[in-house]
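Visitor: Below is a structure I'd like to ask you about.
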Amino acid sequence: MDAISRVSGRAIAFGAKNIDTDIIIPAKWLKTITRDGLGQAAFETIREDPDNIFDAPENAGAPILIAGDNFGCGSSREHAAWAILDLGIRAVIAPSYSDIFSGNAVKNGILPIVLPQAAIDRLMEVARDGHTIDVDLDTQTVTTPFQDRFTFDIDPFRKHCLINGLDEVALTLDRQEAIGQYELQTTAAQSWLTAGTQV
Amino acid sequence: MASKPRTLYAKIWDDHVVETRDDGTSLIYIDRHLVHEVTSPQAFEALRIAGRSVRRPELTLAVPDHNLPTTARVGPDGARLPIADPQSAAQLAALEKNAPEFGIQYIDAAAAEQGIVHVVGPEQGFSLPGTTIVCGDSHTACHGGLGALAFGIGTSEVEHVLATQTLLLQRSKAMEIRVEGELGPGVTAKDLILHIIGTIGAAGGTGHVIEYRGAVFETMSVEQRLTVCNMSIEAGARAGLIAPDETVFSYLKGRPMSPKGAEWDAAVAYWKTLHSDPGAEFDTSVVIDANTIAPTVTWGTSPEDVVPISGTVPEPSSFADPSKQVAAQKSLDYMGLTPGMPMTDVAVENIFIGSCTNSRIEDLRSAAAVLKGRTKAANVRWAIVVPGSGLVKRQAEEEGLDRIFSDAGFEWREPGCSACLGMNPDKVPPNERCASTSNRNFVGRQGPGARTHLVSPAMAAAAAVTGRLADVRELV
Chain A
4 MDAISRVSGR AIAFGAKNID TDIIIPAKWL KTITRDGLGQ AAFETIREDP DNIFDAPENA
64 GAPILIAGDN FGCGSSREHA AWAILDLGIR AVIAPSYSDI FSGNAVKNGI LPIVLPQAAI
124 DRLMEVARDG HTIDVDLDTQ TVTTPFQDRF TFDIDPFRKH CLINGLDEVA LTLDRQEAIG
184 QYELQTTAAQ SWLTAGTQV
Chain B
388 MASKPRTLYA KIWDDHVVET RDDGTSLIYI DRHLVHEVTS PQAFEALRIA GRSVRRPELT
448 LAVPDHNLPT TARVGPDGAR LPIADPQSAA QLAALEKNAP EFGIQYIDAA AAEQGIVHVV
508 GPEQGFSLPG TTIVCGDSHT ACHGGLGALA FGIGTSEVEH VLATQTLLLQ RSKAMEIRVE
568 GELGPGVTAK DLILHIIGTI GAAGGTGHVI EYRGAVFETM SVEQRLTVCN MSIEAGARAG
628 LIAPDETVFS YLKGRPMSPK GAEWDAAVAY WKTLHSDPGA EFDTSVVIDA NTIAPTVTWG
688 TSPEDVVPIS GTVPEPSSFA DPSKQVAAQK SLDYMGLTPG MPMTDVAVEN IFIGSCTNSR
748 IEDLRSAAAV LKGRTKAANV RWAIVVPGSG LVKRQAEEEG LDRIFSDAGF EWREPGCSAC
808 LGMNPDKVPP NERCASTSNR NFVGRQGPGA RTHLVSPAMA AAAAVTGRLA DVRELV
């Protein structure tokens with residue numbers, strides 16, 4: 004995935020709560036066997052309305068999405084993260100996310116920022132007025148041209164992976180010795196765990 | 388000195404920590420991995436590109452379910468019938484090719500053992516108490532009904548598990564949902580979990596693993612426990628679990644992939660230690676009174692939008708949260724409902740009995756008990772029963788349940804995810820209503836414009852007979 008440290012530009016003032024991954028990308032689009040080109044399907048039902056926020060000319064190329072509570076709830080489909088990324092989004096700002104979605108986002112180089120509702124309301128106002136927003140992962144801040152400055156928390160391991168664009172599989176493959184040791188111990192203590200796995 | 392009392396979740400977590408990083412992230416060993424055709428192709432492709440192999444292929448089980456049409460799979464000559472949708476066919480073919488290429492066990496679409504991953508895992512004895520179980524599907528929480536720590540993962544995590552048999556995770560908070568009292572007649576595990584989701588909200592369990600506790604669960608069958616844990620994700624929790632007991636042990640004993648002989652005895656001895664210790668502390672506790680729960684239905688487009696069948700469509704202004712008022716109005720517009728309307732006045736044109744939530748033998752028995760000697764109402768256009776697996780289907784046929792369904796005007800289908808998610812031919816048409824035993828009433832979930840009311844199997848049967856959402860207690 005691409006490393007990420009700063010995201011600056013227009014933000015889509017979406018704001019809706021409980022946006023499930025069926026809304027982010029309906030199931031009919033999950034039949035693909037690649038990760039590419041899903042931006043066209045992102046928020047499909049919302050984009051049936053010609054006046055929708057995602058296709059508004061002023062939001063073309065916007066790298067930030069502002070959403071409501073529990074963003075990305077429902078299905079585990081990583082297609083939701085792929086679709087948002089393909090739409091050009093590199094940072095989402097919301098009061099909360101589903102656990103699976105925020106993990107999927109980080110693994111694809113999308114920064115899921117958690118801020119309180121009051122900060123979201125202010126950023127929505129700034130975005131609606133057509134101003135840009137700056138996200139700095141290094142300092143963990145979101146700023147506006149009006150001296151608004153919001154700091155956010157992020158799990159240090161996630162931050163490390165995002166800033167360095169790390170592949171978690173490669174990181175873990177470096178720990179094969181520890182994994183092998185664990186397997187030896189459990190096989191000795193709990194042989195039933197693998198006893199029946201071949202029919 | 389006695390060790391600090393631990394929750395069931397903590398015990399399973401502690402036993403699976405390979406190592407913990409300085410930043411608090413733990414490398415967690417994964418005992419069982421279920422794979423289906425939708426969320427795995429990109430993971431296999433990534434392994435292929437990076438030249439990586441599967442670390443423990445014998446701990447992974449692949450089975451197609453989401454895309455499969457639920458019509459006949461083999462023709463009269465015994466040959467496999469082609470799948471009409473070329474994209475579905477390609478995705479199914481990819482799994483059929485990837486599994487053997489990476490040495491993974493594969494259950495063929497036409498095999499008797501085929502079914503929905505979350506029905507197959509417990510049924511084959513692949514899913515066991517105290518294990519960590521993952522699958523690229525959020526309803527993996529289901530297997531928590533056996534006392535496993537089971538949760539859904541994304542495709543990047545599928546790749547991570549295939550390559551390393553581990554996941555990098557932060558420990559979740561522990562939530563206790565303690566249910567006191569008993570469920571009344573006609574009130575099922577499905578009604579209980581819908582009521583719980585309505586109580587804590589669709590994000591109420593975010594960041595938590597839920598342990599369901601109380602005498603009501605001790606008297607539940609394994610099938611009912613799987614139904615409860617299945618929908619933990621609809622309350623925002625990645626996993627939900629119930630302490631394993633004799634009911635679980637006797638369910639698993641003798642299943643094809645369960646431990647045998649001395650291995651079985653050792654497993655049971657370990658499983659008996661899997662319960663929260665007295666005095667174990669939970670980060671969050673919720674108490675639910677089972678005695679007050681009625682058969683429950685959804686009115687809106689979030690699983691938290693629940694109401695007793697005796698209730699009415701709510702007024703959006705009745706919600707305290709302004710954003711919920713807006714969401715409720717949008718839901719009512721989508722659902723074509725008017726505030727104040729009794730739920731029992733809502734007419735339904737479609738009935739779906741199936742999905743990983745409610746497609747096991749007990750679910751079918753419960754629906755058949757209501758349908759016996761009755762037929763679907765004239766306004767019910769489409770009614771289907773989709774057994775969770777080929778083995779459930781066979782068992783139901785041995786019990787004559789298929790005849791009861793057919794006589795009542797239902798179609799008796801082949802196993803699969805079917806009308807739960809709108810990615811195979813089974814869909815609900817736009818602006819039509821469906822009483823569905825599935826798990827999600829999201830906008831467009833059962834097809835573009837489809838209006839879903841989540842119900843128990845018995846309530847789906849009651850809706851079929853009356854042509855409206857109905858209180859099953861008045862029919863039995």
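These protein sequence lines map, in sequence, to chains A and B.
Going by my numbering, the first sequence opens with residue 4, and the numbers climb by one from there.
Going by my numbering, the second sequence opens with residue 388, and the numbers climb by one from there.
Note that beta-carbon positions come from the ideal geometry of N, C-alpha and C, so glycine has one too.
Taking DSSP as the reference, what is the three-state secondary structure of F739(B)?
Guide: In this structure, F739(B) counts as strand in the three-state DSSP scheme.
Visitor: If you scan the segment 561 to 619 of chain B from start to end, which runs of the beta strand (DSSP E) of 3 or more residues do you find wholly inside it?
Guide: 595 to 600
Visitor: Contact between the segment 794 to 802 of chain B and the segment 818 to 836 of chain B: three or more CB pairs below 8 Å?
Guide: no
Visitor: Taking all protein chains shown into account, decide if S672(B) is buried (16 or more other Cβ within 10 angstroms of its Cβ) or exposed.
Guide: exposed
Visitor: I'd like to know whether the C-beta of M810(B) is nearer than 8 Å to at least one C-beta of chain A.
Guide: yes
Visitor: Count the other C-beta atoms from every protein chain shown that fall within 10 angstroms of the C-beta of S440(B), then say buried if there are 16 or more, exposed otherwise.
Guide: exposed
Visitor: Contact between the segment 709 to 728 of chain B and the segment 804 to 812 of chain B: three or more CB pairs below 8 Å?
Guide: no
Visitor: For a contact meaning CB atoms closer than 7 Å, what does H547(B) contact in chain A?
Guide: E171, V172, T175
Visitor: Going by the DSSP bridge assignment, what does W769(B) pair with across the sheet?
Guide: N737(B)
Visitor: Is there a Cβ of chain A sitting closer than 8 Å to that of D401(B), yes or no?
Guide: no
Visitor: Of all the options C522(B), G502(B), P817(B), which has the alpha carbon lying nearest to the alpha carbon of G777(B)?
Guide: G502(B)
Visitor: Can you tell me the Cα-Cα spacing of V202(A) and G106(A), whole angstroms?
Guide: Any reading at V202(A) must be qualified, since the residue scores a pLDDT of 48, below 50, and its modelled position is unreliable; the value itself is stated next. Going by the C-alpha atoms only, they are around 34 Å apart.
Visitor: Give, in chain order, every residue of the segment 586 to 611 of chain B whose Cβ lies closer than 8 Å to some Cβ of chain A.
Guide: With the criterion set as a beta carbon lying under 8 Å from some beta carbon of chain A, the members of the segment 586 to 611 of chain B are A589, A590, T593, G594, in sequence order.
Visitor: Taking the alpha-carbon positions, what's the R781(B) to D177(A) distance?
Guide: Approximately 47 Å, taken between the alpha carbons.
Visitor: Might you give, ordered along the chain, the residues of its own chain that have their beta carbon closer than 7 Å to the beta carbon of P631(B), omitting 5 neighbours on each side?
Guide: P516, L533, G534, W658, L661
Visitor: Quick check on this structure: which residue in A847(B), A590(B), I597(B), C522(B) has the alpha carbon closest to the alpha carbon of R558(B)?
Guide: I597(B)
Visitor: Which residue's Cα is closest to the Cα of W769(B): S746(B), P701(B), W799(B)?
Guide: W799(B)
Visitor: Whole angstroms is fine: what's the gap from W651(B)'s alpha carbon to T189(A)'s?
Guide: 16 Å
Visitor: Using 8 Å as the limit for Cβ to Cβ distance, is V694(B) near chain A?
Guide: Closer than 8 Å: no.
Visitor: Would you verify that the beta carbon of F797(B) is, or is not, closer than 8 Å to some beta carbon of chain A?
Guide: no
Visitor: Determine whether the Cβ of N73(A) lies closer than 8 Å to any Cβ atom of chain B.
Guide: yes
Visitor: In the DSSP output, what is P119(A) paired with across the bridge?
Guide: Beta-bridge pairing links P119(A) to no other residue.
Visitor: Would you report the Cα separation of R752(B) and E785(B), rounded to the nearest angstrom?
Guide: 12 Å
Visitor: I need the DSSP call for S776(B), collapsed to helix, strand or coil.
Guide: S776(B) falls in the strand class under three-state DSSP.
Visitor: Would DSSP call D23(A) helix, strand or coil?
Guide: In the structure shown, D23(A) sits in a strand (DSSP, three-state: E or B).
Visitor: Quick one: what's D228(A) bridged to in DSSP?
Guide: Nothing can be reported for residue 228(A), as the shown portion of chain A is limited to 4 through 202.
Visitor: Going by beta carbon distance, what residues of the same chain come within less than 8 Å of A19(A), once the five residues before and after it are set aside?
Guide: A70, G71
Visitor: Measure the CB-CB distance between Q143(A) and I157(A) and report whether it falls below 8 Å.
Guide: yes
Visitor: Have a look at H505(B) and P695(B) and give me their C-alpha separation to the nearest angstrom.
Guide: 28 Å
Visitor: Between I22(A) and G75(A), how many whole angstroms is the CB-CB distance? I'm expecting something under 8 Å.
Guide: 7 Å
Visitor: For the structure I just gave you, are there three or more beta carbon pairs, one from the segment 481 to 491 of chain B and one from the segment 506 to 526 of chain B, closer than 8 Å?
Guide: A contact between stretches requires three or more CB pairs, one per stretch, nearer than 8 Å, and the segment 481 to 491 of chain B fails this requirement with the segment 506 to 526 of chain B.
Visitor: Please report how far the alpha carbon of K711(B) lies from the alpha carbon of S99(A), in whole angstroms.
Guide: 15 Å
Visitor: Note down, in chain order, each residue of its chain lying with its Cβ closer than 6 Å to the Cβ of G531(B), except the 5 sequence neighbours on either side.
Guide: A537, C616, A626, G627, L628
Visitor: Using a Cβ cut-off of 8 Å, pull out every chain B residue sitting near F17(A), in sequence order please.
Guide: Contact note: F17(A) does not reach chain B at a C-beta cutoff of 8 Å; the least C-beta distance is about 13 Å.
Visitor: Would you say I103(A) reaches chain D, if we count a Cβ-Cβ gap shorter than 8 Å as a contact?
Guide: No chain D is present in this structure, whose protein chains are A and B.
Visitor: Let me make sure I understand the geometry here. Which of S101(A), R152(A), P53(A), D137(A) has the alpha-carbon closest to that of R9(A)?
Guide: Checking every option, the nearest Cα to that of R9(A) belongs to D137(A).
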